[in-house]
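Report on one structure; see the data block that follows.
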Amino acid sequence: MDIKRLASDASVPSLCEAAQGKFRLGAAINSWHLNPDSPEYAVIRRQFNVFTLENQSKPEPIHPEEDRWVFEPVDRFAAFGEETGALLRGHTLVWHSQCPAWFFRDGENEASPELLLRRMKEHITTVVSRYRGKIRTWDVVNEVLRDEGGMRQSDWYKITGKDYIKEAFRTAHEADPDARLIINDYNLESSDAKADTMAELVRELLTENIPVHGIGLQMHLGPDTDMDRLKANVRKLASIRDIAPDFRLEVTELDLSCYRWNDTAEDIVWDDETTSRFTERYTELFRFYLELADEGILDTVVFWGLHDGVSWLNGFPRRHKNYPLLIGRGLEPKPAFYEVIRILEESTKNFK
Ligand code: GLA
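Here my numbering is used: the first residue of the sequence shown is 504, the next is one more, and so on.
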């Protein structure tokens with residue numbers, strides 16, 4: 504491998520081109536990466552064809568006060584999609600985190616279910632209609648489940664029960680009937696109980712004709728992710744297709760931390776052994792993604808970040824530097840990048 508080559512160089516293979524005919528391959532970005540003179544922009548254009556805004560389309564930044572909206576960064580994102588033809592994902596309409604407190608208050612009191620649902624619907628209608636036809640997939644609700652299974656006891660849930668989930672999907676569908684609507688969550692691959700609750704909840708929603716079109720598997724993975732369990736839980740979620748044949752899974756926030764979640768050890772030493780373990784994990788994952796794509800279950804895989812230097816994992820949950828992506832902080836493709844390209848190119852099946 505020539506380490507001087509950058510992921511933007513025309514001589515370096517392109518991930519999304521290698522995945523063509525199998526799935527779209529993308530990254531979470533920020534509007535400031537969309538400056539055509541920046542090195543990041545060249546990587547964006549060469550390597551990926553589907554994008555999510557990392558933070559700027561969440562309720563808090565976009566709708567900080569009931570009568571104040573901040574659309575500019577998302578407008579910039581939408582314009583980029585139109586200019587380039589990239590597929591854009593909207594993230595996220597309803598979440599317990601990064602959602603301003605005013606949603607849940609009525610003066611001194613807690614908002615009533617009616618008030619909260621009215622505000623939620625106004626929020627969704629405004630955002631989804633504004634980007635109708637431009638942002639083609641929405642993470643409608645994010646992280647509505649508890650880690651140990653069952654519903655997350657968020658303010659949304661405490662005030663409205665499951666109604667907020669159902670109304671969120673109905674409202675988004677009314678605002679853009681062509682948009683793909685996703686229920687997104689983390690640890691679905693590692694917690695059997697959480698995957699069970701998700702399967703149960705989605706079956707319930709589909710039975711009630713709620714327009715939910717897919718599950719977003721965040722897939723923030725680590726060195727301790729159990730790959731057999733991951734595959735079994737993903738298969739369990741894919742089995743929802745027995746009642747909804749067009750139902751899809753998307754991988755929405757992929758990264759592979761080099762630390763276990765609660766590991767407070769010193770910075771990892773990046774030697775040949777860690778490099779090859781990292782490469783092997785990514786290879787095994789992408790082989791599985793290809794299998795799912797061939798079966799028509801998966802058509803989108805998005806990394807959470809463009810390169811190691813901008814990953815959220817550098818600051819969370821510990822201060823150590825992290826190395827979770829295929830492109831390093833100097834924008835250099837890692838050995839795992841080339842290995843993923845190799846297995847993508849090896850696979851020849853066509854995708855619809
Ligand atoms: C979750 C959210 C994302 C993002 C990541 C961490 O997975 O869905 O929006 O906040 O955490 O950056």
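Yeah, the Cβ is synthetic: ideal placement off N, Cα and C, and Gly gets one too.
Fair warning: this is a prediction, and the values are worked out from it, not measured in the lab.
Complete beta strand (DSSP E) runs within the segment 732 to 794 (minimum length 3 residues, chain order): Taking only runs of at least 3 residues, the beta strand (DSSP E) segments lying wholly in the segment 732 to 794 are 751 to 759.
task: Say whether the segment 837 to 852 touches the segment 718 to 732, bearing in mind that this needs 3 or more beta-carbon pairs closer than 8 Å, one atom from each stretch.
output: With a cut-off of 8 Å on Cβ pairs, the segment 837 to 852 is not in contact with the segment 718 to 732, counting fewer than three such pairs.
- prompt: My guess is that threonine 782 and alanine 839 are in contact by the Cβ rule of under 8 Å, so how many angstroms apart are they, rounded?
  reply: Confirmed, Cβ separation roughly 4 Å.
- request: Please classify alanine 522: does DSSP put it in a helix, a strand, or coil?
  value: It is coil, neither helix nor strand.
- request: Pick out whichever of Gly812, Arg592 and Lys561 has its Cα sitting closest to the Cα of threonine 803.
  value: Comparing C-alpha distances from threonine 803 to each of Gly812, Arg592 and Lys561 shows the shortest one belongs to Arg592.
message: When you measure from the CB of glutamine 559 to every non-hydrogen atom of ligand 1, does any distance come out below 6 Å?
response: With a cut-off of 6 Å, the C-beta of glutamine 559 is classified as distant from ligand 1, since no heavy atom of the ligand falls inside that distance.
- prompt: Do lysine 824 and glycine 831 have their C-beta atoms within less than 7 Å of each other?
  reply: No.
- prompt: Would you say the segment 754 to 768 touches the segment 649 to 663, given that touching needs at least three Cβ pairs under 8 Å?
  reply: The segment 754 to 768, when compared against the segment 649 to 663, does not touch it at the 8 Å Cβ threshold.
task: Inspect the CB distances between the segment 668 to 683 and the segment 620 to 627 and report whether three or more fall short of 8 Å.
output: Touching, yes.
- request: Specify whether the segment 574 to 588 and the segment 524 to 538 touch according to this definition: at least 3 beta carbon pairs, one from each stretch, less than 8 Å apart.
  value: The segment 574 to 588 and the segment 524 to 538 touch, with no fewer than 3 CB-CB distances between them shorter than 8 Å.
- prompt: Near alanine 698, which residues of its chain fall below 7 Å by C-beta distance, leaving aside the five closest residues on each side in sequence?
  reply: Close CB contacts of alanine 698 within its chain, under the 7 Å cut and outside five residues either way in sequence, are with Leu691, Asn736, Lys739 and Leu740 (chain order).
query: If glutamate 646 sits next to aspartate 688, beta carbons under 8 Å apart, how far is it from one beta carbon to the other, in whole angstroms?
result: Taking C-beta atoms under 8 Å as the contact rule, glutamate 646 and aspartate 688 qualify, at a distance of about 5 Å.
message: Could you tell me the alpha carbon to alpha carbon distance between leucine 788 and arginine 548, rounded to whole angstroms?
response: Distance between the alpha carbons of leucine 788 and arginine 548: 24 Å.
query: So, is proline 827 buried or exposed, given that buried needs 16 or more other C-beta atoms within 10 angstroms?
result: Counting of Cβ neighbours within 10 angstroms places proline 827 among the buried residues, the total reaching 16 or more.
query: Which stretch, first to last residue, makes up the alpha helix (DSSP H) that contains glycine 584?
result: In the DSSP annotation of this structure, the continuous segment of the alpha helix (DSSP H) that includes glycine 584 starts and ends at 575 to 587.
- prompt: Measuring CA to CA, which of Leu816, Glu711, Thr663 and Thr640 is closest to serine 560?
  reply: In terms of Cα proximity to serine 560, the closest of Leu816, Glu711, Thr663 and Thr640 is Thr640.
- prompt: Given that a residue counts as buried once 16 or more other Cβ atoms are within 10 Å of its Cβ, and exposed if not, what is arginine 582?
  reply: Checking the displayed sequence, the identity of residue 582 turns out to be alanine instead of arginine. A residue is called buried when at least 16 other Cβ atoms come within 10 angstroms of its Cβ; alanine 582 does not meet this threshold and is exposed.
Given phenylalanine 857 as reference, the closest of Phe554, Tyr634 and Glu707 once Cα atoms are compared: Because the chain in this structure spans residues 504 to 855, residue 857 falls outside the shown range and cannot be described.
task: Grab the span of the alpha helix (DSSP H) containing arginine 633 for me, first residue to last.
output: Per DSSP, the continuous alpha helix (DSSP H) segment holding arginine 633 begins and ends at 616 to 633.
- prompt: On the premise that leucine 709 lies in contact with alanine 747, defined as a C-beta separation below 8 Å, what is that separation, rounded to the nearest angstrom?
  reply: Right, their Cβ atoms sit about 5 Å apart.
- prompt: Heavy atom of ligand 1 less than 6 Å from the Cβ of tryptophan 815, yes or no?
  reply: Remark: the C-beta of tryptophan 815 is in contact range of ligand 1, defined as less than 6 Å to any heavy atom.
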